[in-house]
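The numbering of the sequence shown is the working numbering, which starts it at 9 and goes up by one.
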Amino acid sequence: MGFPSDLTIARGANLKPLDEVAAAMDIPPHLLQPYGDDVAKIKLSAVQELADRPKAKYVVVSAVTPTPLGEGKTTTTVGLGQAFSHIGKRATIAIRQPSMGPTFGIKGGAAGGGYSQVVPMDILNMHLTGDFHAVTAAHNMLSAVLDNHLFQGNEQGIDQHDITWRRVLDVNDRALRNIVVGLGGRLDGVPRQTGFDITAASEVMAILALSTSIPEMRARLGRIVVGYRADGSAVAAEDIKGAGAMAAIMVDALRPNLMQTLENTPVLVHAGPFGNIAHGNSSVVADLIGIHAGHYLVTEAGFGADMGAERFFNIKCRASGLVPDAAVVVTTVRALKAHSGNHRIVAGKALPEALLAENPDEVHEGGANLRKQIENIRIHGVTPVVAINAFPDDHPSEHAAIAEIAASVGVRSAVSTHFSDGGRGGADLAQAVAEAADEPSDFAFLYPDAASLREKIEIVATKVYGADGVDVAPAASRQLDNYERNGFGDLPVCIAKTHLSISSDPSLKGAPTGWRLPVREVRASVGAGFVYPICGDMRTMPGLGTHPAAHEIDVDADGNIVNLS
Numbered sequence: 009m010g011f012p013s014d015l016t017i018a019r020g021a022n023l024k025p026l027d028e029v030a031a032a033m034d035i036p037p038h039l040l041q042p043y044g045d046d047v048a049k050i051k052l053s054a055v056q057e058l059a060d061r062p063k064a065k066y067v068v069v070s071a072v073t074p075t076p077l078g079e080g081k082t083t084t085t086v087g088l089g090q091a092f093s094h095i096g097k098r099a100t101i102a103i104r105q106p107s108m109g110p111t112f113g114i115k116g117g118a119a120g121g122g123y124s125q126v127v128p129m130d131i132l133n134m135h136l137t138g139d140f141h142a143v144t145a146a147h148n149m150l151s152a153v154l155d156n157h158l159f160q161g162n163e164q165g166i167d168q169h170d171i172t173w174r175r176v177l178d179v180n181d182r183a184l185r186n187i188v189v190g191l192g193g194r195l196d197g198v199p200r201q202t203g204f205d206i207t208a209a210s211e212v213m214a215i216l217a218l219s220t221s222i223p224e225m226r227a228r229l230g231r232i233v234v235g236y237r238a239d240g241s242a243v244a245a246e247d248i249k250g251a252g253a254m255a256a257i258m259v260d261a262l263r264p265n266l267m268q269t270l271e272n273t274p275v276l277v278h279a280g281p282f283g284n285i286a287h288g289n290s291s292v293v294a295d296l297i298g299i300h301a302g303h304y305l306v307t308e309a310g311f312g313a314d315m316g317a318e319r320f321f322n323i324k325c326r327a328s329g330l331v332p333d334a335a336v337v338v339t340t341v342r343a344l345k346a347h348s349g350n351h352r353i354v355a356g357k358a359l360p361e362a363l364l365a366e367n368p369d370e371v372h373e374g375g376a377n378l379r380k381q382i383e384n385i386r387i388h389g390v391t392p393v394v395a396i397n398a399f400p401d402d403h404p405s406e407h408a409a410i411a412e413i414a415a416s417v418g419v420r421s422a423v424s425t426h427f428s429d430g431g432r433g434g435a436d437l438a439q440a441v442a443e444a445a446d447e448p449s450d451f452a453f454l455y456p457d458a459a460s461l462r463e464k465i466e467i468v469a470t471k472v473y474g475a476d477g478v479d480v481a482p483a484a485s486r487q488l489d490n491y492e493r494n495g496f497g498d499l500p501v502c503i504a505k506t507h508l509s510i511s512s513d514p515s516l517k518g519a520p521t522g523w524r525l526p527v528r529e530v531r532a533s534v535g536a537g538f539v540y541p542i543c544g545d546m547r548t549m550p551g552l553g554t555h556p557a558a559h560e561i562d563v564d565a566d567g568n569i570v571n572l573s
């Protein structure tokens, strides 16, 4: 008999009542808002009520540049959180809520895997408490207000050719990337071209993740820029009276969701900002609660350390005021072999046979990527630990090769079998992280607020990505100038690029040098509080593949979801 499916394992979970899970965090019942038997929201008053308690050690889980299949970062986050109980410590986990687009596409869900899962995984991967739907509704409410503003006479003088606000939907649907609205009769609106993004790419989602209170969220929503006038001045959601209704829709969504792992470790699941266009981290408010709820708070940053971790440090930590104590860099044998440049890995297809053959030398060939991602953690003054996420097809000599790479740069490492063994399989990793978190932290942002937008882009490109410099296209240069004139120059930058390479070219593996970062366009998420340069072809609305998971996911006669992964 083979290894059981994630859904089979999840359905066998022995769940505790959520008030017991909350009690392990020292959160009293009056702060819980139950959503059925297996999920609860935590009231925002918990942020103030817990604020005087001692702070947990703050640990962020990042990774090497992933293959298209991912390297098990969420699974490692969950496994590490569980593992702390096996070394006598209490941990809370904070992760993003998965988007249903990837769940029904190729990637699958984001509840972890094997014996390191958040449960019930079917509830997590579907609607949960409706936060994604609230983001969708709030975003599209502003879209409706915007189009009505145009129809009613365009009092703000918005240039219809410079409208930046689109619509969103939490479904992979390439047919909606570019659309025309307002067709029909005179009463059907003003015809114009627009389009849809996936809900996880909405600025409203980033605002949800970065807000610390309802008043702050309301203010951020008001600062959303929907477009520009002919003179280049920005028009905000507040200007067209759209922010109040959005905030009303979002009130409940700002409360983080409480779930548990297979081993009953508390998990805060909240927000799900896109890892390419936005900052790709779970919510600040969840961390402000979790930081006072145990010995360790383990959170996850999207994609590799050049992306999610850099944004965690320079965007999320700026918003929260929290300082990380340690960082985990997840790697796998297959990822480092892929970074040797000898293999082509395609999502949805079987791994190449040569990739599975024992070859520690090839692991060393791809080690440049791991060393650079370790450096990307260290330049922020944080101590890294390498998590060797073990797969059944790995060979001990290949794990030893990864440990040698880590040791060569003076970094702790540990093999972790949390997928197959749960928390006990991650005990060595937990011990290594505990030791790293006890070391003095010298955390610092990569750049000051006062640096210009061009300087910030240059610093990230050269110090984190290893680029020789930045080439800004004329259109992008004009946008940067306009953003500075509009007062957005003090915002951090969130560079949108491929997640499959440290560079902007997905075909370049390892740690590329001798290249320049091309900035073709720059957009401003003023409500979220960052400016994002676009470097390459970014899809903000994914499409379904030839054989998406949507073809297989179904329900049985009892209404149970089947074939969810």
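Ideal placement from N, C-alpha and C gives every residue a C-beta, glycine not left out.
*What three-state label does DSSP hand G252 in the structure shown?*
Sequence index remark: in the sequence shown, residue 252 carries index 244 (1-based). In the three-state reduction of the DSSP assignment, G252 falls in the helix class.
*Could you tell me which residues DSSP puts in a beta bridge with M267?*
Looking up residue 267 in the sequence shown gives position 259. In the DSSP output, where bridge partners are listed per residue, M267 has V275.
*Over what stretch of residues does the alpha helix (DSSP H) that includes G89 continue unbroken?*
For this step, residue 89 is matched to residue 81 along the sequence shown. Residue range K81 to A91 is occupied by the alpha helix (DSSP H) that includes G89.
*In whole angstroms, what is the alpha-carbon distance linking D260 and D139?*
To locate residue 260, count along the sequence shown from 1; it is residue 252. To locate residue 139, count along the sequence shown from 1; it is residue 131. D260 and D139: Cα-Cα distance of roughly 8 Å.
*Give me whichever residues DSSP pairs with N289 in a beta bridge.*
As a position in the sequence shown, residue 289 is number 281, starting the count at 1. Under DSSP, N289 shares a beta bridge with A309.
*In this structure, what does DSSP give as the bridge partners for S70?*
For this step, residue 70 is matched to residue 62 along the sequence shown. Under DSSP, S70 shares a beta bridge with V337.
*asked:* By alpha-carbon positions, which one of S328, L270 and V441 ends up nearest to L216?
replied: Translated into the one-based positions of the sequence shown, residue 216 becomes position 208. Cα-wise, what sits closest to L216 is S328.
*Alpha carbon to alpha carbon, what distance is there between S290 and I103?*
For this step, residue 103 is matched to residue 95 along the sequence shown. For this step, residue 290 is matched to residue 282 along the sequence shown. Going by the C-alpha atoms only, they are around 5 Å apart.
_Closer than 8 Å is the cut-off here; do at least three beta carbon pairs connect the segment 269-285 with the segment 126-135?_
Contact between the segment 269-285 and the segment 126-135 is established, with three or more Cβ pairs separated by less than 8 Å.
*Given that a residue counts as buried once 16 or more other Cβ atoms are within 10 Å of its Cβ, and exposed if not, what is A71?*
Indexing the sequence shown from 1 puts residue 71 at position 63. Buried.
*F404 - containing alpha helix (DSSP H), residue span*: In the sequence shown, the residue the question calls residue 404 occupies position 396. Looking at the sequence provided, one finds Pro at residue 404 rather than Phe. Bounds of the alpha helix (DSSP H) holding P404 are P404 to S416.
_C-alpha distance - L364 paired with E373, whole-angstrom precision_ = Counted from its first residue, the sequence shown places residue 364 at position 356. Counted from its first residue, the sequence shown places residue 373 at position 365. Approximately 15 Å, taken between the alpha carbons.
_If the criterion is Cβ atoms closer than 8 Å, does the pair G89 and P556 meet it?_
Here residue 89 refers to the residue found at position 81 of the sequence shown. Here residue 556 refers to the residue found at position 548 of the sequence shown. Taking 8 Å as the Cβ cut-off, G89 and P556 do not qualify as a contacting pair.
*Selected residue, minimal CA-CA separation from L437, among D27, K63 and T84*: Counting from one through the sequence shown, the residue named residue 437 turns up at place 429. Ranking D27, K63 and T84 by Cα distance to L437 puts T84 first.
*Below 8 Å, can you find three or more Cβ-Cβ pairs linking the segment 221-231 to the segment 199-207?*
At 8 Å Cβ cutoff, the stretches do not touch.
_Within 8 Å, strictly: CB atoms of V336 and V393_ = Position 328 of the sequence shown holds residue 336. Position 385 of the sequence shown holds residue 393. Yes.
*Limits of the unbroken beta strand (DSSP E) element including H125*: Translated into positions along the sequence shown, residue 125 becomes position 117. It should be noted that the sequence gives Gln, not His, for residue 125. For Q125, the uninterrupted beta strand (DSSP E) segment begins and ends at S124 to V127.
_Run of the beta strand (DSSP E) containing L177, from where it starts to where it stops_ = Start at 1 with the first residue of the sequence shown, and residue 177 comes out as number 169. Where L177 is concerned, the enclosing beta strand (DSSP E) stretches over R175 to L177.
_When you compare the CB positions of M254 and A152, do they come within less than 8 Å of one another, or not?_
Along the sequence shown, read from residue 1 onward, the residue named residue 254 stands at position 246. Along the sequence shown, read from residue 1 onward, the residue named residue 152 stands at position 144. No, they are not a contact pair.
*Residues of its chain near I171, where Cβ-Cβ distance is below 6 Å and the 5 sequence neighbours each way are ignored*: To locate residue 171, count along the sequence shown from 1; it is residue 163. Cβ neighbours of I171 beyond the five flanking positions: G235.
*What residues match up with S421 in a beta bridge as DSSP calls it?*
For the purposes of this step, residue 421 is taken as residue 413 along the sequence shown, with counting starting at 1. Under DSSP, the beta-bridge partners assigned to S421 are V394.
*Could you tell me whether the segment 426-445 touches the segment 90-102, where touching means 3 or more Cβ pairs closer than 8 Å?*
Yes, they touch.
_Secondary structure of A504, DSSP reduced to three states_ = As a first step, residue 504 is located in the sequence shown; it is residue number 496 there, counting from the start. Here A504 sits in strand by DSSP.
*Residue closest to A442, alpha-carbon to alpha-carbon, out of H303, A238 and L359*: Here residue 442 corresponds to residue number 434 of the sequence shown, with the count starting at 1. Minimum Cα-Cα distance from A442 among the listed residues H303, A238 and L359 corresponds to H303.
*According to DSSP, residues forming a beta bridge with T554*: The count along the sequence shown starts at 1 and reaches residue 554 at position 546. Looking at the DSSP assignment, T554 forms no beta bridge with any residue, so it has no partner.
*Let me know the secondary structure DSSP gives D562 once reduced to three states.*
The residue labelled residue 562 in the question sits at position 554 within the sequence shown. Residue state for D562 is assigned as strand, using DSSP reduced to three classes.
*Which term fits A565, buried or exposed, when burial requires 16 or more other beta carbons within 10 angstroms of its beta carbon?*
Here the question's residue 565 lines up with position 557 in the sequence shown. With fewer than 16 neighbouring CB atoms inside 10 Å of its own CB, A565 falls in the exposed class.
*Considering only the beta carbon of each residue, do A313 and N384 sit closer than 8 Å?*
The residue you call residue 313 lines up with position 305 of the sequence shown. The residue you call residue 384 lines up with position 376 of the sequence shown. Yes, the Cβ-Cβ distance between A313 and N384 is below 8 Å.
_Cβ neighbour criterion (16 or more within 10 Å) applied to G418_ = One-based indexing of the sequence shown puts residue 418 at position 410. Exposed: under 16 other Cβ atoms inside 10 Å.
*Would you call A63 buried or exposed, if buried means 16 or more other Cβ atoms sit within 10 Å of its Cβ?*
Here residue 63 refers to the residue found at position 55 of the sequence shown. In the sequence as displayed, the identity of residue 63 is Lys instead of Ala. Classification of K63: exposed, given that the 10 Å Cβ count is below 16.
*Whose CA, out of A414, P448 and S424, lies closest to the CA of Q439?*
For the purposes of this step, residue 439 is identified with residue 431 of the sequence shown, where counting begins at 1. Q439 has its Cα closest to that of S424, out of A414, P448 and S424.
_Please classify L218 as buried or exposed, where buried requires at least 16 other C-beta atoms within 10 Å of its C-beta._
Along the sequence shown, one-based indexing puts residue 218 at 210. The residue is buried, with at least 16 neighbouring Cβ atoms inside 10 Å.
*Tell me whether D401 sits in a helix, a strand or coil according to DSSP, three-state version.*
What you label residue 401 is simply residue 393 of the sequence shown in a count that begins at 1. In this structure, D401 counts as coil in the three-state DSSP scheme.
*Assign K81 to buried or exposed, taking buried as 16 or more other Cβ atoms, counted over all protein chains shown, within 10 Å of its Cβ.*
Translated into positions along the sequence shown, residue 81 becomes position 73. By the neighbour-count criterion, in which a residue is buried when 16 or more other Cβ atoms sit within 10 angstroms of its Cβ, K81 is buried.
*Which of the three DSSP states, helix, strand or coil, is assigned to G298?*
Translated into the one-based positions of the sequence shown, residue 298 becomes position 290. In the structure shown, G298 adopts helical secondary structure according to DSSP, grouped into three states.
*Would you report the Cα separation of G298 and P223, rounded to the nearest angstrom?*
What you label residue 298 is simply residue 290 of the sequence shown in a count that begins at 1. What you label residue 223 is simply residue 215 of the sequence shown in a count that begins at 1. So the two alpha carbons sit approximately 21 Å from each other.
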